[in-house]
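Read through the structure below, which is laid out as structure tokens, and then see the notes.
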């Protein structure tokens, strides 16, 4: 078993790190952190089988390994390519990567409506961030965009395929939650859509998590939809006693009201603990929660646009700074 | 007459049935292999023959077989890819329809070489009538003891099953084929792991084209060295070519690799020249996804040598002045054909067949199709041509499976060689609807740096 515990040295954009055997380039980059991390729209570390589809995480492998230093001819998806010892990877320092990624962003935005001002996800949308960073300010696409009707998947979730970028995250989430295949992809090519068989509602205690894993505004919370913009709400870490899930959530407050509840996301935008539907959709009274303190939001995010201070609101008697 | 190995007995009446096939020397290769050769010997023999994958990529078959992982106690599988959907390719259909036992014999030999006891033929859904023929042949083979338990007392068991696809081009990609065979949506898998390590039901799997598997039969009959003596250089043996387009005698031809392209197009034995005495405009030598060649690069390479029907010669000069042998879908265009329309037609196909899994292909193929349509209808601009070039450049190499490349290459080649025709479509929007452009002028290509 000693082979499995050996460490591989990998260099990404000039920064070197030692990682376990079997680590993907993306995860190695995340361990380094900062600028070298490629963006990922479809990969989700807790979802088995995700990744490889969006192609935004393409990187150039300029040296395959210590044993076989040949570079890889094509750009590779960093989320599904494992590191080799002595591998050298170029992310932002490679012109090819920047060019290809710009192309991928353009492809993703091709059929995506450019109506962020009326989209519920604006402000916490991964595609918005990606487009801001890599995209062009103009589109070269002059044809009609793909449009779909809005579909209600059960009482709490709304699906708007027009905004979907086909990352398959929600499909993997539903596959992992249920042993039946209720939620999947219909049709193919650019006519493909996420759907349930004849618009059936999804019944599972954890199905609300598809909203959290969706990088864009395709799956939205009907209890929150169009109530407010996210940057007008104050995110607070809170927990509750829950028999189904860990109860660790984020409350998005407007004054003393809970506008919505979501899971807690780490620095890569991935939910750390999936929460159950009851916590997400039904516990909208502050008395049901134990507030831990304000949620740390990245300074660059529009949500932290200077509207809350570090101290907790006065109305939270159960404040507990752990 | 050149040497025929696969289609040797194709004209014998009733060759489709077991009795006639057996009388013509059928299943002798199985007898020979099971009695005198070990599986490793057989792999060695195929390596010696220099046989290369006939499905399009041209990867050496013996090498592919030797990559197969062989962990203890894990069953291995051989899959035959009969999902022949490349526009312009119809050789596998001809082979299976006319002489299905050749495929079954090849399947027995290949399965024996790989140690696979359960093999599958994945056949495209549109070939339902061919499937019935192959099913009938499988039943005959079972009845005569060539399939099932303990074949010819050798202790080798093989079950052969046939599975129809549902008409998706993408299921011809080997990992999509595996997904489809498992009963899932036919989306290509991420590689690695490669099928040789984790394929069908996470077991080591080899996927081979119909013609590749059939070619194992003459290799065993005549020996790997004798097979390697046919052909030229690293392109050994014979190849089935599906000839179509504006030629006098379209059809499936078996050629020895290394035959000059000029002879293939103009000789009476093969295509019989261009129809109605027209001039040759362009050639697609290997199915719709390989780059198109303009008339001045068909018979001679850019270096001035004779262009031959071989993997190397057709690819001479890279994509700048060459193409690929591909699957052998040989499409000939005369001077009356419109390359813009043709490219649009191919683009429309790839747009329709993209699985929609990864973004460059899902969005890019549709975009190219729309821009090409606009150009063809005379509403395009000069910028559209550059836009097309940029789109194909961003698709190529950035997708999960080769469908993205297959969609990008024809567009790239059409713009590379026929740009003046595209520009003419922009400048003469009315005229381009009335008549075609004709031949393009010859361009001088500088030698490509190595």
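Chains as they are written, first to last, in our numbering: chain A, 1150 to 1471; chain B, 8 to 457.
Cβ atoms here follow ideal geometry from the backbone N, Cα and C, with glycine treated the same way.
Check your understanding: For residue 306 of chain B, which residues does DSSP report across the bridge?
Key -> In the second chain, residue 306 of chain B corresponds to position 299, counting from 1. Paired residues: none, contrary to the question.
Please confirm whether residue 361 of chain B has its beta-carbon closer than 8 Å to some beta-carbon of chain A. By 1-based counting over the second chain, the position of residue 361 of chain B is 354. With 8 Å as the cut-off, residue 361 of chain B counts as an interface residue toward chain A.
| query | Run through DSSP, which three-state label would residue 178 of chain B get? | reply | As a first step, residue 178 of chain B must be located in the second chain, where it is residue number 171. Helix.
Run through the DSSP bridge pairs and tell me what residue 37 of chain B is partnered with. Sequence index remark: in the second chain, residue 37 of chain B carries index 30 (1-based). According to DSSP, which records beta bridges pairwise, residue 37 of chain B is partnered with nothing at all.
When the cut-off is 8 Å and only beta carbons count, does residue 1169 of chain A lie next to chain B?
Position 20 of the first chain, counting from 1, holds the residue named residue 1169 of chain A. Not an interface residue.
Is there at least one Cβ from chain A nearer than 8 Å to residue 178 of chain B's Cβ? Indexing the second chain from 1 puts residue 178 of chain B at position 171. No, its Cβ sits nowhere closer than 8 Å to a Cβ of chain A.
Query - Nearest candidate by alpha-carbon position, reference residue 1238 of chain A, set A:1267, A:1439, A:1185 and A:1317 - result: Within the first chain, residue 1238 of chain A is the residue found at index 89, counting from 1. Minimum Cα distance to residue 1238 of chain A is reached at A:1185.
| message | Applying the 10 Å Cβ sphere with the 16-neighbour rule, what's the burial state of residue 335 of chain B? | response | Here residue 335 of chain B refers to the residue found at position 328 when the second chain is read from its first residue. Under this definition residue 335 of chain B is a buried residue.
Open item on the list: Excluding the 5 residues flanking residue 1344 of chain A on each side, which residues of the same chain have their C-beta closer than 6 Å to its C-beta?
Closed with: The residue labelled residue 1344 of chain A in the question sits at position 195 within the first chain. Same-chain partners within the cutoff: 1335.
Margin query: Does the contact criterion of 3 or more C-beta pairs under 8 Å hold for the segment 104 to 116 of chain B versus the segment 190 to 200 of chain B?
Written below: no
Which residues in chain B have a C-beta closer than 7 Å to the C-beta of residue 1260 of chain A? List them in chain order. As a first step, residue 1260 of chain A must be located in the first chain, where it is residue number 111. Correct list: 370.
| request: Consult DSSP for residue 160 of chain B and reduce its assignment to one of helix, strand or coil. | output: On the second chain, position 153 is the one that residue 160 of chain B refers to. Three-state DSSP puts residue 160 of chain B in a helix.
- Those runs of the alpha helix (DSSP H) which lie wholly inside the segment 204 to 254 of chain B and span at least 4 residues: 217 to 229 and 231 to 236
Q. Can we count residue 447 of chain B as close to the ligand MG, meaning its CB is less than 7 Å from some heavy atom?
A. What this structure holds is no ligand at all, so the ligand MG is not there to describe.
**Prompt:** residue 1164 of chain A to residue 1173 of chain A, Cα distance in whole Å?
**Reply:** Here residue 1164 of chain A refers to the residue found at position 15 of the first chain. Here residue 1173 of chain A refers to the residue found at position 24 of the first chain. If I take the Cα positions, the gap works out to 16 Å.
For residue 329 of chain B, which residues from the same chain have a beta carbon less than 6 Å from its beta carbon, with the 5 sequence-adjacent residues on both sides left out? Indexing the second chain from 1 puts residue 329 of chain B at position 322. Cβ within range, chain order: 322 and 323.
task: Apply the 10 Å Cβ neighbour rule to residue 1150 of chain A and answer buried if 16 or more other Cβ atoms are within range, or exposed otherwise.
output: On the first chain, position 1 is the one that residue 1150 of chain A refers to. Reliability fails at residue 1150 of chain A, whose pLDDT of 38 lies under 50, so the model's placement of it is uncertain and the value that follows must be treated cautiously. Exposed is the call here.
**Item:** Residues that DSSP places opposite residue 1334 of chain A in a beta bridge
**Value:** The count along the first chain starts at 1 and reaches residue 1334 of chain A at position 185. Partner(s): A:1343.
Next item on the list: Report the rounded CA-to-CA distance for residue 1312 of chain A versus residue 1190 of chain A, giving the unit in angstroms.
Entry: As a first step, residue 1312 of chain A must be located in the first chain, where it is residue number 163. As a first step, residue 1190 of chain A must be located in the first chain, where it is residue number 41. When only Cα atoms are considered, residue 1312 of chain A and residue 1190 of chain A end up about 14 Å apart.
* To do: Counting only the same chain and skipping the five closest in sequence on each side, list residues whose C-beta sits under 6 Å from that of residue 1309 of chain A.
  => By one-based count along the first chain, residue 1309 of chain A stands at place 160. Excluding positions up to five away in sequence, the list reads 1299 and 1367.
- Message: Please list, in chain order, the chain B residues whose beta carbon lies closer than 9 Å to that of residue 1314 of chain A.
- Response: In the first chain, counting from the first residue as 1, residue 1314 of chain A sits at position 165. Within 9 Å Cβ-Cβ: 366.
Residue 283 of chain B classed as buried or exposed, judged by whether at least 16 other C-beta atoms fall within 10 angstroms = Your numbering for residue 283 of chain B matches position 276 in the second chain. Answer is exposed; the Cβ neighbour count stays below 16.
> Any idea if residue 1392 of chain A is buried or exposed, counting beta-carbon neighbours within 10 angstroms, 16 or more meaning buried?
Replying inline: What you label residue 1392 of chain A is simply residue 243 of the first chain in a count that begins at 1. Exposed.
Residue 1373 of chain A versus residue 1400 of chain A - alpha carbon distance = Here residue 1373 of chain A refers to the residue found at position 224 when the first chain is read from its first residue. Here residue 1400 of chain A refers to the residue found at position 251 when the first chain is read from its first residue. Approximately 12 Å, taken between the alpha carbons.
Check your understanding: Can you tell me where the beta strand (DSSP E) with residue 28 of chain B in it begins and where it stops?
Key -> Here residue 28 of chain B is taken as the residue at index 21 of the second chain, counted from 1. Run containing residue 28 of chain B: none in the beta strand (DSSP E); it sits in the alpha helix (DSSP H), 25 to 30.
Which whole-angstrom value is the C-beta distance of residue 84 of chain B and residue 33 of chain B, which I expect to be below 8 Å? The residue labelled residue 84 of chain B in the question sits at position 77 within the second chain. The residue labelled residue 33 of chain B in the question sits at position 26 within the second chain. Not confirmed; about 25 Å, so no contact.
query = Ends of the beta strand (DSSP E) at residue 372 of chain B?
reply = Your numbering for residue 372 of chain B matches position 365 in the second chain. That residue, residue 372 of chain B, is in no beta strand (DSSP E); its alpha helix (DSSP H) goes 366 to 383.
**OP:** Under the assumption that residue 396 of chain B contacts residue 296 of chain B (Cβ atoms under 8 Å), give the Cβ distance between them as a whole number of angstroms.
**Re:** In the second chain, counting from the first residue as 1, residue 396 of chain B sits at position 389. In the second chain, counting from the first residue as 1, residue 296 of chain B sits at position 289. Rounded, the Cβ-Cβ distance is 18 Å, inconsistent with contact.
Tell me, please, whether the segment 385 to 399 of chain B touches the segment 154 to 161 of chain B by the rule of three or more beta-carbon pairs shorter than 8 Å. No, because fewer than three Cβ pairs between the segment 385 to 399 of chain B and the segment 154 to 161 of chain B fall closer than 8 Å, the two stretches do not touch.
_Buried or exposed for residue 82 of chain B, going by 16 or more other Cβ atoms inside 10 Å?_
Position 75 of the second chain, counted from the first residue, corresponds to residue 82 of chain B. Residue 82 of chain B should be labelled exposed.
The segment 207 to 219 of chain B / the segment 441 to 452 of chain B touching (three or more Cβ pairs under 8 Å)
Touching, no, given that fewer than three Cβ pairs across the two stretches are closer than 8 Å.
Per DSSP, which one or two residues make a beta bridge with residue 1401 of chain A? Within the first chain, numbered from 1, the residue matching residue 1401 of chain A stands at position 252. Looking at the DSSP assignment, residue 1401 of chain A forms a beta bridge with A:1384 and A:1409.
message: Using the Cβ count rule (16 or more neighbours within 10 Å means buried), how would you classify residue 1285 of chain A?
response: Counting from one through the first chain, the residue named residue 1285 of chain A turns up at place 136. Its Cβ having fewer than 16 others within 10 Å, residue 1285 of chain A is exposed.
### Message
Counting only C-beta atoms, is residue 1339 of chain A closer than 8 Å to chain B at any point?
### Response
Position 190 of the first chain, counted from the first residue, corresponds to residue 1339 of chain A. It does; some Cβ of chain B falls within 8 Å.
*Run the CB neighbour count on residue 1356 of chain A, radius 10 Å, all protein chains shown included, and call it buried at 16 or more, exposed below.*
To locate residue 1356 of chain A, count along the first chain from 1; it is residue 207. Residue 1356 of chain A is buried by the Cβ-count criterion.
Would you tell me roughly how many angstroms separate the C-alpha atoms of residue 318 of chain B and residue 242 of chain B, rounded to the nearest one?
Within the second chain, residue 318 of chain B is the residue found at index 311, counting from 1. Within the second chain, residue 242 of chain B is the residue found at index 235, counting from 1. Computed Cα separation, rounded: 6 Å.
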